[in-house]
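I have placed the structure first, in the form of structure tokens, so that the comments after it can refer back to it.
There are 2 protein chains.
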Amino acid sequence: MTNANRQWRLAARPDELIKESDFEWREDAIPSPVEGEILIRNIYLSIDPTYRIWMNEGESYMPPVEIGEVMRGGTVGVVVESHHSDFQPGDIVQGLLGWQDYALDNGTGIVKLFKDASIPLTHYLGIFGGNGLAAYFGLMDIGKPKEGETIVVSAAAGGVGSLVGQIGKIKGCRVVGIAGSDEKCRWIKKLGFDAAINYKTEPVSESLKGHCPEGIDIYFDSVGGEILEAALDRINLHARIVLCGLISQYNASEPVPGPCNFANVLYKRARMEGFIVLDYLDRVMEAMTDLGTWLFEGKIQYRVDVVEGLENAPRAVNMLFDGSNRGKLVVTVSEEPPI
Amino acid sequence: MTNANRQWRLAARPDELIKESDFEWREDAIPSPVEGEILIRNIYLSIDPTYRIWMNEGESYMPPVEIGEVMRGGTVGVVVESHHSDFQPGDIVQGLLGWQDYALDNGTGIVKLFKDASIPLTHYLGIFGGNGLAAYFGLMDIGKPKEGETIVVSAAAGGVGSLVGQIGKIKGCRVVGIAGSDEKCRWIKKLGFDAAINYKTEPVSESLKGHCPEGIDIYFDSVGGEILEAALDRINLHARIVLCGLISQYNASEPVPGPCNFANVLYKRARMEGFIVLDYLDRVMEAMTDLGTWLFEGKIQYRVDVVEGLENAPRAVNMLFDGSNRGKLVVTVSEEPPI
């Protein structure tokens with residue numbers, strides 16, 4: 042815990058991979074809440090590929106972070122001081138409170154979390170946060186898996202992909218995962234994936250052919266680029282392509298062309314659909330009920346990769362792009378209070 | 042009428058635009074039907090962009106036409122001789138009987154048409170054929186227009202696009218058409234389109250901005266390429282992109298990259314879906330009932346461009362690619378019998 046409010050502010054729009062110099066490290070005074078406000082100390086900062094989108098100029102699905110602003114980011118924290126009747130000191134809350142130690146909120150930007158010693162707080166940024174919602178609604182609502190179908194998942198060892206594959210197995214599908222190391226491939230096979238492809242050492246298109254003898258019914262994509270193209274080559278009639286992310290192109294400084302076999306969407310009468318978890322906030326409980334049940338019954342596993350210290354947040358984002366994270370990536374900002 | 046069976050057979054896989062030398066002109070003997078067979082004389086041959094796909098090697102949504110085979114094509118013809126109890130000489134039938142004067146069928150590849158002097162036979166290859174089904178189900182089933190939404194249609198003066206726009210107006214939408222000449226633009230505005238863009242003389246992206254002040258909810262695409270990209274730039278949240286065709290790339294000899302702003306499908310949580318009318322054959326009557334009613338009530342108009350003579354079929358296909366056709370393109374093969 043510090044006596045200052047340490048912050049990473051956006052200093053420059055990155056060119057390709059982010060550099061630490063794209064941010065400015067500042068130590069501000071801890072802000073004081075006025076009537077109606079709550080002061081929160083952040084405990085964990087979620088590290089997500091989408092941060093790279095927010096750092097670019099121009100609208101995507103949210104406005105970009107402006108130069109000079111505290112970098113936006115998903116957080117779990119504890120209420121330190123409250124002048125708002127709905128929140129008490131000690132409450133654990135979730136929000137988009139940014140890359141900093143302390144933040145003020147008027148109650149509209151935070152949600153109080155259920156304190157339960159059996160649920161690690163980091164889960165609220167992962168399986169019970171955006172990752173869980175993305176996996177659950179992306180697969181169930183957009184992918185609509187039917188028993189016996191074949192699902193292919195990219196970024197399969199990540200916070201979203203690993204859940205997609207496990208939910209796919211629960212739904213009776215054949216699941217093939219694509220990941221970036223032998224360790225990741227071994228891990229997803231331990232989770233129950235029927236097959237795993239290491240895209241750094243195997244020809245993805247050939248491997249997909251071997252592992253998907255009956256073609257691909259659902260492709261759950263978080264990467265885009267060549268892997269999307271390889272998957273599109275093998276889609277079945279009426280396949281669903283769930284667009285969850287396009288991490289392969291977030292660092293691009295030039296426009297990236299779409300897949301060359303894009304015509305397959307037409308020929309195979311496929312449906313390609315993008316979604317953002319923000320669209321499902323009113324259905325959170327649906328996902329949480331199923332995910333919670335599966336997790337506590339041991340039917341799904343979830344892995345969190347913790348990086349210590351807010352000062353390491355910029356480096357942590359790059360771990361997503363070089364694939365060195367193992368599961369959902371989280372940065373510790375300060376210590377958890379005793380529950 | 043001839044005493045031979047004139048045919049265009051595929052002689053070579055075309056390189057970019059088709060040439061007459063990609064076909065072989067043959068005059069075979071008129072075939073004789075045996076027990077269970079029907080001999081049909083073709084009257085009209087439909088000319089469709091998809092022929093260009095069928096001439097390429099490799100599977101698309103149908104097997105390619107093999108070298109040496111009579112070129113595949115949609116036809117309306119008259120039964121000349123029948124050894125099948127369901128068909129009588131004089132019956133008018135529709136099928137995929139190819140680029141030739143005469144064909145045999147065993148009854149499974151043809152459908153008997155309703156003879157009505159008020160319905161031009163060419164309509165069965167257009168508004169009451171594949172064009173009508175594509176426009177109707179593509180817009181209604183995939184696009185799902187809601188009153189007040191904005192629909193953009195490419196190839197808007199063609200056999201499909203002109204219907205899409207008119208159905209869109211019936212459904213209470215704002216409709217903007219993109220076509221390739223001032224004459225075509227004038228015509229679609231006469232049909233009721235709210236605005237028309239001549240892509241050969243106007244910057245499509247800028248014009249779309251002006252004509253779609255509230256963005257694009259449905260983009261009905263038959264062309265792909267730059268126009269698809271311009272439309273994707275302006276889609277609204279939860280937009281639907283109906284992929285009916287990709288005519289801009291059918292002649293390409295190299296793989297064509299998808300749109301560079303493909304990420305907008307994700308950011309705008311859009312749905313991009315391909316379809317082929319073959320998937321809707323069991324729902325034909327649904328479309329025909331509505332289209333027939335609207336046509337006879339004068340709520341929609343439909344224009345047919347007739348090219349005389351089977352010998353001109355290869356040239357007619359190219360008219361689709363240089364945009365010189367005006368509406369649904371049909372080649373006359375032989376004379377209509379009196380009704």
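First to last, the protein sequences are chains C and B. The first sequence stops at residue 380 when you use this note's numbering, and every number in between is there. The second sequence stops at residue 380 when you use this note's numbering, and every number in between is there. Even glycine gets a Cβ: it sits at the ideal position worked out from N, Cα and C. Quantities reported herein were computed from a predicted structural model and do not represent experimental measurements.
Measuring CA to CA, which of B:Val348, B:Pro379 and B:Ala354 is closest to glycine 368 (chain B)?
-> Nearest of B:Val348, B:Pro379 and B:Ala354 to glycine 368 (chain B), Cα basis: B:Val348.
Between the CA atoms of isoleucine 282 (chain C) and glycine 315 (chain C) - distance to the nearest angstrom | The straight-line gap from Cα to Cα measures roughly 9 Å.
Partners in chain B for phenylalanine 303 (chain C), counting only beta-carbon separations shorter than 7 Å | Ordered by position in chain B, the residues that pass the 7 Å Cβ test against phenylalanine 303 (chain C) are Gly299.
Chain-order list of residues whose beta-carbon lies under 7 Å from that of valine 201 (chain C) (same chain, five-residue window excluded) = The beta carbon of valine 201 (chain C) is closer than 7 Å to those of Asn172, Ala175, Ala176, Ser263 and Cys285 in its chain, skipping five residues each way along the sequence.
Under a three-way DSSP split, which group does phenylalanine 178 (chain C) fall into?
-> Phenylalanine 178 (chain C) sits in a helix when the DSSP states are folded into three classes.
Residues bridged to leucine 3 (chain B) by DSSP?
-> With chain B covering 42 to 380 only, the question about residue 3 (chain B) has no answer from this structure.
Rank B:His125, B:Thr91, B:Pro130 and B:Thr334 by C-alpha distance to the C-alpha of leucine 370 (chain B) and give the top, closest one.
-> Measuring from the Cα of leucine 370 (chain B), the nearest candidate turns out to be B:Thr91.
Could you tell me if phenylalanine 128 (chain B) is buried or exposed, where buried requires 16 or more neighbouring beta carbons within 10 angstroms of its beta carbon?
-> The residue in question, phenylalanine 128 (chain B), is buried, as its Cβ has 16 or more Cβ neighbours within 10 Å.
Could you please give the first and the last residue of the uninterrupted beta strand (DSSP E) stretch that includes arginine 153 (chain C)?
-> A quick correction: the sequence has lysine, not arginine, at residue 153 (chain C). That run of the beta strand (DSSP E) goes 151 to 153.
Can you check DSSP and say which residues form a bridge with arginine 87 (chain B)?
-> The sequence given here has serine at residue 87 (chain B), not arginine. Beta-bridge pairing links serine 87 (chain B) to B:Val371.
Straight-line Cα distance separating lysine 210 (chain B) from valine 216 (chain B) = Looking at the two C-alpha atoms, the distance is approximately 7 Å.
With 16 other CB atoms within 10 Å as the buried threshold, where does serine 294 (chain C) fall?
-> With fewer than 16 other Cβ atoms from the protein chains shown falling within 10 Å of its own Cβ, serine 294 (chain C) counts as exposed.
Under 8 Å by Cβ, that's how I've got tyrosine 343 (chain C) and glycine 167 (chain C) pegged, so tell me the actual separation to the nearest angstrom.
-> That belief holds up - the Cβ atoms of tyrosine 343 (chain C) and glycine 167 (chain C) are roughly 6 Å apart, short of 8 Å.
Count the other C-beta atoms from every protein chain shown that fall within 10 angstroms of the C-beta of alanine 53 (chain B), then say buried if there are 16 or more, exposed otherwise.
-> With fewer than 16 Cβ atoms within 10 Å of its Cβ, alanine 53 (chain B) is classed as exposed.
Taking the alpha-carbon positions, what's the phenylalanine 155 (chain C) to cysteine 214 (chain B) distance?
-> Roughly 47 Å separates the two Cα atoms.
Interface flag, arginine 310 (chain C) vs chain B, CB-CB below 7 Å | Yes, contact with chain B.
Using a Cβ-Cβ distance under 7 Å, would isoleucine 257 (chain B) count as near chain C?
-> For isoleucine 257 (chain B), no Cβ of chain C is located within less than 7 Å of the residue's own Cβ.
Residue from B:Ile380, B:Glu224, B:Phe178 and B:Asn147 whose Cα sits closest to the Cα of threonine 242 (chain B) | Ranking B:Ile380, B:Glu224, B:Phe178 and B:Asn147 by Cα distance to threonine 242 (chain B) puts B:Glu224 first.
Is there at least one Cβ from chain C nearer than 7 Å to leucine 319 (chain B)'s Cβ?
-> No, its Cβ sits nowhere closer than 7 Å to a Cβ of chain C.
Name the two residues that bound the continuous beta strand (DSSP E) containing aspartate 261 (chain C).
-> The amino acid at residue 261 (chain C) is misidentified as aspartate; the sequence shows phenylalanine. In the DSSP assignment, phenylalanine 261 (chain C) falls within the unbroken beta strand (DSSP E) covering 257 to 262.
Same chain, Cβ closer than 7 Å to asparagine 121 (chain C), neighbours up to 5 away in sequence not counted | The sequence given here places valine at residue 121 (chain C); asparagine does not occur at that position. Taken in chain order, the residues that qualify are Leu80, Ile81, Arg82 and Pro130.
Please report the Cβ distance between serine 87 (chain B) and glycine 114 (chain B), rounded to the nearest whole angstrom; I am assuming they are in contact, meaning their Cβ atoms lie under 8 Å.
-> Taking C-beta atoms under 8 Å as the contact rule, serine 87 (chain B) and glycine 114 (chain B) qualify, at a distance of about 6 Å.
What does tyrosine 102 (chain C) touch in chain B if you count any residue whose Cβ is under 7 Å from its own?
-> For tyrosine 102 (chain C), the neighbours in chain B by C-beta distance under 7 Å run, in chain order, Tyr308.
Closest Cα partner of glycine 150 (chain B) within the set B:His125, B:Pro355 and B:Asn44 = Between glycine 150 (chain B) and the set B:His125, B:Pro355 and B:Asn44, the nearest pair of CA atoms involves B:His125.
Hey, is the stretch 129 to 148 of chain C in contact with the stretch 63 to 80 of chain C, meaning 3+ C-beta pairs nearer than 8 Å?
-> Contact between the stretch 129 to 148 of chain C and the stretch 63 to 80 of chain C is present, because at least three Cβ pairs lie under 8 Å.
Pull up the CB-CB distance for tryptophan 95 (chain B) and valine 106 (chain B), whole angstroms please, since I reckon it's below 8 Å.
-> Going by Cβ atoms, the distance from tryptophan 95 (chain B) to valine 106 (chain B) rounds to 5 Å, so yes, they are a contact pair.
C-alpha gap between glycine 218 (chain B) and isoleucine 219 (chain C), whole angstroms = Spanning the two alpha carbons is a distance of roughly 42 Å.
So does leucine 287 (chain C) have its beta carbon nearer than 6 Å to some heavy atom of the ligand NAD?
-> The model depicted lacks the ligand NAD and carries no ligand whatsoever.
Cutoff 8 Å; reference leucine 137 (chain C); Cβ partners in own chain excluding five residues on either side | Cβ neighbours of leucine 137 (chain C) beyond the five flanking positions: Arg113, Gly114, Gly115, Thr116 and Gly150.
In whole angstroms, what is the alpha-carbon distance linking asparagine 239 (chain C) and alanine 197 (chain C)?
-> About 10 Å.
Proximal chain B residues relative to methionine 313 (chain C), where beta-carbon distance stays under 8 Å | Listed by position along chain B, the residues whose Cβ is nearer than 8 Å to that of methionine 313 (chain C) are Val306, Arg312, Met313 and Glu314.
Residue from C:Gly364, C:Pro244 and C:Arg47 whose Cα sits closest to the Cα of leucine 58 (chain C) | Of C:Gly364, C:Pro244 and C:Arg47, the smallest CA-CA separation from leucine 58 (chain C) is found for C:Gly364.
Supposed contact pair isoleucine 288 (chain C) and leucine 204 (chain C) - C-beta distance, whole angstroms, cut 8 Å = With 8 Å as the limit, leucine 204 (chain C) and isoleucine 288 (chain C) do not qualify as a contact, their Cβ atoms being about 16 Å apart.
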